[in-house]
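Chains as they are written, first to last, in our numbering: chain A, 3 to 351; chain B, 3 to 351.
Every residue gets a Cβ at the ideal spot worked out from N, C-alpha and C, and that includes glycine.
2 protein chains.
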Amino acid sequence: MSPAELPQPHRTADVRRPTLNAVAARAGVGRGTVSRVINGSPKVSARSRAAVEQAIDELGYVPNRAARSLVTRRTDSVALVVPDAENRLFSEPYFSEIIRGVSAGLAGAGMQLLLVLARDESEYARLATYLSAQRVDGVLMMAVHSDDTLPDRLDELAVPTVLAGRRSDTEPLGHVRADNSGGARVAVEHLLASGRRAIGTITGPLDMDVARARLDGYREALERAGLAVDEDLVATGDFTEEGGRAAMRELLRRHPGLDAVFAASDVMASGAVLELRASGLRVPQDVALVGFDDSIVARHIDPPLTSVRQPLEEMGRTMASLLLDEIADRGTGHRAVVLPTELVVRESA
Amino acid sequence: MSPAELPQPHRTADVRRPTLNAVAARAGVGRGTVSRVINGSPKVSARSRAAVEQAIDELGYVPNRAARSLVTRRTDSVALVVPDAENRLFSEPYFSEIIRGVSAGLAGAGMQLLLVLARDESEYARLATYLSAQRVDGVLMMAVHSDDTLPDRLDELAVPTVLAGRRSDTEPLGHVRADNSGGARVAVEHLLASGRRAIGTITGPLDMDVARARLDGYREALERAGLAVDEDLVATGDFTEEGGRAAMRELLRRHPGLDAVFAASDVMASGAVLELRASGLRVPQDVALVGFDDSIVARHIDPPLTSVRQPLEEMGRTMASLLLDEIADRGTGHRAVVLPTELVVRESA
DNA sequence: GTCACCCGTGGGACCGCTCCCACGCGGCAT
DNA sequence: ATGCCGCGTGGGAGCGGTCCCACGGGTGAC
Numbered sequence: 003m004s005p006a007e008l009p010q011p012h013r014t015a016d017v018r019r020p021t022l023n024a025v026a027a028r029a030g031v032g033r034g035t036v037s038r039v040i041n042g043s044p045k046v047s048a049r050s051r052a053a054v055e056q057a058i059d060e061l062g063y064v065p066n067r068a069a070r071s072l073v074t075r076r077t078d079s080v081a082l083v084v085p086d087a088e089n090r091l092f093s094e095p096y097f098s099e100i101i102r103g104v105s106a107g108l109a110g111a112g113m114q115l116l117l118v119l120a121r122d123e124s125e126y127a128r129l130a131t132y133l134s135a136q137r138v139d140g141v142l143m144m145a146v147h148s149d150d151t152l153p154d155r156l157d158e159l160a161v162p163t164v165l166a167g168r169r170s171d172t173e174p175l176g177h178v179r180a181d182n183s184g185g186a187r188v189a190v191e192h193l194l195a196s197g198r199r200a201i202g203t204i205t206g207p208l209d210m211d212v213a214r215a216r217l218d219g220y221r222e223a224l225e226r227a228g229l230a231v232d233e234d235l236v237a238t239g240d241f242t243e244e245g246g247r248a249a250m251r252e253l254l255r256r257h258p259g260l261d262a263v264f265a266a267s268d269v270m271a272s273g274a275v276l277e278l279r280a281s282g283l284r285v286p287q288d289v290a291l292v293g294f295d296d297s298i299v300a301r302h303i304d305p306p307l308t309s310v311r312q313p314l315e316e317m318g319r320t321m322a323s324l325l326l327d328e329i330a331d332r333g334t335g336h337r338a339v340v341l342p343t344e345l346v347v348r349e350s351a
Numbered sequence: 003m004s005p006a007e008l009p010q011p012h013r014t015a016d017v018r019r020p021t022l023n024a025v026a027a028r029a030g031v032g033r034g035t036v037s038r039v040i041n042g043s044p045k046v047s048a049r050s051r052a053a054v055e056q057a058i059d060e061l062g063y064v065p066n067r068a069a070r071s072l073v074t075r076r077t078d079s080v081a082l083v084v085p086d087a088e089n090r091l092f093s094e095p096y097f098s099e100i101i102r103g104v105s106a107g108l109a110g111a112g113m114q115l116l117l118v119l120a121r122d123e124s125e126y127a128r129l130a131t132y133l134s135a136q137r138v139d140g141v142l143m144m145a146v147h148s149d150d151t152l153p154d155r156l157d158e159l160a161v162p163t164v165l166a167g168r169r170s171d172t173e174p175l176g177h178v179r180a181d182n183s184g185g186a187r188v189a190v191e192h193l194l195a196s197g198r199r200a201i202g203t204i205t206g207p208l209d210m211d212v213a214r215a216r217l218d219g220y221r222e223a224l225e226r227a228g229l230a231v232d233e234d235l236v237a238t239g240d241f242t243e244e245g246g247r248a249a250m251r252e253l254l255r256r257h258p259g260l261d262a263v264f265a266a267s268d269v270m271a272s273g274a275v276l277e278l279r280a281s282g283l284r285v286p287q288d289v290a291l292v293g294f295d296d297s298i299v300a301r302h303i304d305p306p307l308t309s310v311r312q313p314l315e316e317m318g319r320t321m322a323s324l325l326l327d328e329i330a331d332r333g334t335g336h337r338a339v340v341l342p343t344e345l346v347v348r349e350s351a
């Protein structure tokens, strides 16, 4: 390697950006005053403020986040943790919409969004340490499982945390969720209203609260209509297309005369459609079908799927605002917010 | 407000985390040595190293990022910029898969991923300043439009930048893209191989490079087969379902005898299917159809859509690695990487 | 035995900001 | 006039790291 090829002492092109000091010098005031202007303190005379503001945009000054964080012990950023195992979920509008809401809710507060995909278990396990090391001011978690203890550990470490959905009906942490049982109830009531009586359901994994809540809604609708719940009409899926198909097959085997199905997710409903078609049954003529999520597949299934919509973007926005509250004042405690769902009627029921 | 209700001097629960100094004291060495151990310098004796390592995990020490950034002028984080106007895109696997790849590629290097959704024009305009203010070490941009100048500004500001896709065939910046023309060519060759001869195409907006590249591939396949390209068989869409449907209608009007269509996206293909069905034409018997993207809708369209798959996750991973290279050594210049596509044959062609 | 060298090490200076203390000055009550 | 108050202000200290310089003690060459 010839001398000319040796790395230069400081090859970095970082033309040193102006500092607080530079602004202060140019405006003819002290650092303190500039800092006060930047942070919107009222204790600055109009004259100084004007001078500082002018200097700021003549210099194109932007505060150095690292320097600020170092002293304030805040980072003005929050992490959004997504267990990457849930890859199928991530492709659904579910994540994108919530992320959009979160981002919108955060942007107003000048907060940054750190996206953390936890690839595997070991990585996930390190997360508590990682996140609590003054890296973020708060954490948003999606797709938490019932037995996940990471949220609790974060809570112990005094890291403000808000979940999308709850782990159980005694969730101690702050969280935002859709009215899953209410949505399911309305879906089933819709089927009842169209005269269906032998209504089955394809549930999600029952160790997940969403799955249990949607099943509860199904039961509730039947009970309110004065119908007995036949356990033969309840088949467990796993939120995948294949699982939905298998559950549908099981339902048809157990109860060939069934005339409607409420699937706890659109993806499972799409599997159910395949099975119904394979069995020579028509949707909705022979078997009516309602899904949940109103995901992109709902519109493209043949026939287009009636489904329960969750206000995803609003959920994201609400998560952001709950988290900001917890960050601003640890005293607010852990709040839970439930947002209403909406039945979107298409052709499958 | 009674005294008891006054905010406490320091309500913050941040139990001061151990610092470098604490570790040094416990290990009985100087700060310099601890720093060297942490940064893997070889100039540390085995004995000191062991002592420091023990102290580190007894104390549960984690370095303070802000303090480090302040002096190194690096943030160890990169921004992923997604223009939020593209909401339809964001719900596609396109984004999720690329993000997953990016995240995987970054995690290995200990880099954080900052997700930046640019809601509107004004916000987007501020981004150059924002991103260049020593906030991130590099920027990844998705869905850049032909007339977007943000990448150029970032480049001028010496912010390493890598794009997903290129703005034109003279893209000066580093970027990663799929072999769009090659993929399109293979798709059309597949149609030719099944004996179709009157093959139309539904393009994307021709001010986008992907759209032009896919159209080029279409032309190339026909030319290679010795067929003339009939401009009547080219209809322009806009990557939406409705646009695809309108383009299909136009094609049928201009050329009722056509027996195959290559749509430059699955979503447009799904619109085309609706129009074909409405015209009483069967897929693939009357008109064969191939899409592009192999998105989630491809599998759920009736009939399941033959489509061109892009290696999305790999694209993300490649973007990350290009960016890391640019960050590590600005001298590498702007590299362009093209990744191969793959035809996924289903029932529509 | 002396000297030059190298290796591992400690610690000062500094990164750019916020926090807070002390100070000067004008206005108002005495 | 004299004192006091409070506002706006400047600037020192310090946040927790990295960088680098100087230094002590061993080692090998002469």
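Chain B contact for residue i (CB, 8 Å cutoff)
| i | result |
| --- | --- |
| Pro20/A | no |
| Arg199/A | no |
| Leu72/A | yes |
| Val36/A | no |
| Arg28/A | no |
| Val31/A | no |
| Arg49/A | no |
| Phe97/A | yes |
| Leu119/A | yes |
| Val146/A | no |
| Val64/A | yes |
| Ile204/A | no |
| Ala109/A | yes |
| His302/A | yes |
8 Å Cβ cutoff met for residue i and residue j
| i | j | result |
| --- | --- | --- |
| Tyr220/B | Val263/B | no |
| Glu99/A | Leu314/A | yes |
| His336/A | Leu159/A | no |
| Gly246/B | Gly273/B | yes |
| Ala249/B | Ile204/B | yes |
| Leu194/B | Ala237/B | no |
| Leu152/B | Tyr132/B | no |
| Ser196/A | Ala290/A | yes |
| Ala26/A | Val36/A | yes |
| Pro20/B | Tyr63/B | yes |
Three-state secondary structure (DSSP) of residue i
| i | result |
| --- | --- |
| Val190/A | helix |
| Gly219/B | helix |
| Ala120/A | strand |
| Leu72/A | helix |
| Thr238/B | strand |
| Val340/A | strand |
| Leu115/A | strand |
| Ser79/A | strand |
| Leu345/B | strand |
| Val212/B | helix |
| Gly318/B | helix |
| Thr203/A | strand |
Contact with chain A by residue i, beta-carbon distance below 8 Å
| i | result |
| --- | --- |
| Ala180/B | no |
| Leu116/B | yes |
| Arg399/B | For residue 399/B there is no data in the structure shown, the boundaries of chain B being 3 and 351. |
| Leu8/B | Reliability fails at Leu8/B, whose pLDDT of 32 lies under 50, so the model's placement of it is uncertain and no value is given. |
| Pro5/B | With a pLDDT of only 36 at Pro5/B, under the threshold of 50, the placement of this residue in the model should not be trusted, and no figure is reported. |
Contact belief for residue i with residue j at Cβ below 8 Å, rounded distance in angstroms
| i | j | result |
| --- | --- | --- |
| Val310/B | Asp296/B | 7 Å |
| Ala351/A | Pro258/A | That pair is no contact at about 19 Å. |
| Thr74/A | Val138/A | Wrong, their Cβ atoms sit about 14 Å apart, outside the cutoff. |
| Val299/A | Ile298/B | 6 Å |
| His192/B | Ala338/B | Rounded, the Cβ-Cβ distance is 27 Å, inconsistent with contact. |
Can you list the alpha helix (DSSP H) stretches of 4 or more residues lying completely in the region 121-183 of chain A, in chain order? 123-134, 152-158
Unbroken stretches of the beta strand (DSSP E), 3 residues or longer, contained in the region 245-312 of chain A: 262-265, 290-294, 308-311
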